[in-house]
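Here is the structure we will look at.
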Amino acid sequence: MRLLVTGGAGFIGSNFVRQVVERTDDRVTVLDKLTYAGSRESLAGLPEDRVSLVVGDVADSELVDSLVAEHDAVVHFAAESHNDNSLVGPRPFLDTNIIGTFALLEAVRKHDVRYHHISTDEVYGDLELDDPQRFTESTPYNPSSPYSSTKAGSDLLVRAWVRSFGVRATISNCSNNYGPFQHVEKFIPRQITGLIDGIRPRLYGEGLNVRDWIHVDDHNSAVLTILESGRIGETYLIGADGEKSNREVVEALLQLFGRAPDDFEHVTDRPGHDLRYAIDATKLRTELGWTPQFSDFSAGLEDTVRWYRENEDWWRPAKAATEAKYAAAGQ
Ligand code: NAD
Ligand code: TDX
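Note that the sequence shown ends on residue 331 in this note's numbering; no numbers are left out.
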């Protein structure tokens with residue numbers, strides 16, 4: 001199969017391309033704008049006869065049309081992905097997440113190409129800490145931030161293109177990913193690289209907010225499963241029962257660095273900060289037989305710490321500028 005992977009030079013996309021190369025015979029074209037969040041280095045070492053990179057914008061409809069025409073399937077990861085950035089400058093989120101998805105949908109419609117849309121659990125809004133319910137495929141959309149509202153909008157475009165035009169699409173909504181090649185702006189890499197530099201972790205507000213952590217390789221194995229055997233027109237939630245408060249995550253990291261459990265700082269909270277996300281992945285598990293491989297969060301976190309220790313060349317160039325942005329926001 002010839003796969004077009006948008007955003008394949010970013011965190012989840014680059015790990016996906018690596019998994020495709022290991023597990024299938026597919027050839028991959030990555031379409032990536034190489035924004036601050038994407039880099040060629042994230043694809044380093046992959047075989048050149050299997051993986052090629054086209055630097056371009058998913059909102060460029062002519063480019064997208066010509067690339068889609070040459071492929072059997074599209075997996076659309078490309079997005080502006082960081083909530084904090086969306087609160088400071090929302091415009092690129094509309095351009096990439098909404099218009100970019102529109103451009104891809106029009107191209108897959110024209111060329112009748114299979115399409116998989118990568119999305120997030122944040123489209124459902126948030127849950128109370130003590131709510132026994134978790135998100136399912138039938139939870140109503142209720143996004144909170146400019147980021148999550150543009151992801152929600154893009155999901156709704158996909159649903160409409162399936163219903164109105166018969167586009168062969170599936171959607172997945174996944175919880176928070178961790179693992180190698182994640183940008184240092186995100187919570188876990190920010191704290192790991194800070195600790196490597198001797199800086200205390202920064203918790204927004206009281207640190208009680210809960211995220212449902214999944215290893216990036218488990219997210220990607222689920223995406224491959226859906227691409228291979230998901231039912232057209234369906235949405236699948238991806239999660240691995242990994243709920244942790246931000247404070248618990250920081251405490252686990254402090255332990256791995258041999259520091260005291262309270263050796264962190266509280267900083268200004270994120271405006272509109274979602275309290276809790278939690279995924280019920282029953283449909284994916286029962287219908288498609290998917291199971292996650294990384295059931296031990298502490299072990300996954302330890303591997304991730306090791307990766308950041310061993311790959312300072314990859315993350316160091318972005319660290320100072322990222323911290324300067326946070327400092328300006330009191331975070
Ligand atoms: P990321 O920010 O690390 O990577 C995004 C990639 O998209 C980068 O390589 C960037 O250069 C590229 N890109 C951005 N705008 C583009 C454009 N206009 N044209 C082409 N390429 C462009 O993001 P990520 O964390 O890897 O997230 C990937 C996808 O997964 C996103 O759709 C995101 O909404 C979704 N998702 C992420 C998480 C998570 O925890 N990170 C969880 C659920 C879903
Ligand atoms: O320094 C920090 N301190 C802190 O307490 C940072 C950067 C974050 N946080 C908190 C905010 C969140 O409660 O940690 C939690 C995780 O923050 P992020 O890494 O920014 O992730 P989140 O906002 O939950 O969104 C992530 O998961 C869903 C991804 O960035 C999205 O792309 C994905 O859709």
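From the three backbone atoms N, C-alpha and C, an ideal C-beta is built for every residue, glycine too.
Taking Cβ to Cβ, would you say residue i is nearer than 8 Å to residue j?
i, j, result
"A160", "I232", "no"
"N220", "Y147", "no"
"V123", "F77", "no"
"V75", "F16", "yes"
"R276", "D126", "yes"
"V249", "R202", "no"
"S154", "I196", "no"
"L46", "A9", "no"
Quickly, what does DSSP pair residue i with across the bridge? List them, please.
i, result
"E265", "R202"
"F135", "I279"
"A78", "DSSP, once it has assigned bridges, lists no residue as partnering A78."
"H215", "Y178"
"D32", "V55"
"V210", "S245, R276"
"I238", "C174"
Alpha carbon to alpha carbon, how far is residue j from residue i? Give it in angstroms, no decimals.
i, j, result
"D241", "L53", "34 Å"
"L227", "A320", "38 Å"
"V216", "R23", "15 Å"
"E80", "D263", "32 Å"
"D344", "Q19", "In the structure as shown, the chain starts at 1 and stops at 331, and residue 344 therefore has no counterpart that could be examined."
"G230", "G198", "45 Å"
"T304", "S119", "23 Å"
"R270", "V184", "17 Å"
"N176", "D212", "6 Å"
"A278", "S295", "16 Å"
"D26", "R40", "20 Å"
"P140", "I192", "35 Å"
Am I right that residue i and residue j are in contact with their C-beta atoms under 8 Å? What's the rounded C-beta distance?
i, j, result
"T150", "L94", "6 Å"
"L87", "V55", "Not a contact, Cβ separation roughly 28 Å."
"V58", "V64", "6 Å"
"E302", "L254", "Incorrect: roughly 13 Å between the Cβ atoms, too far for contact."
"H111", "V68", "5 Å"
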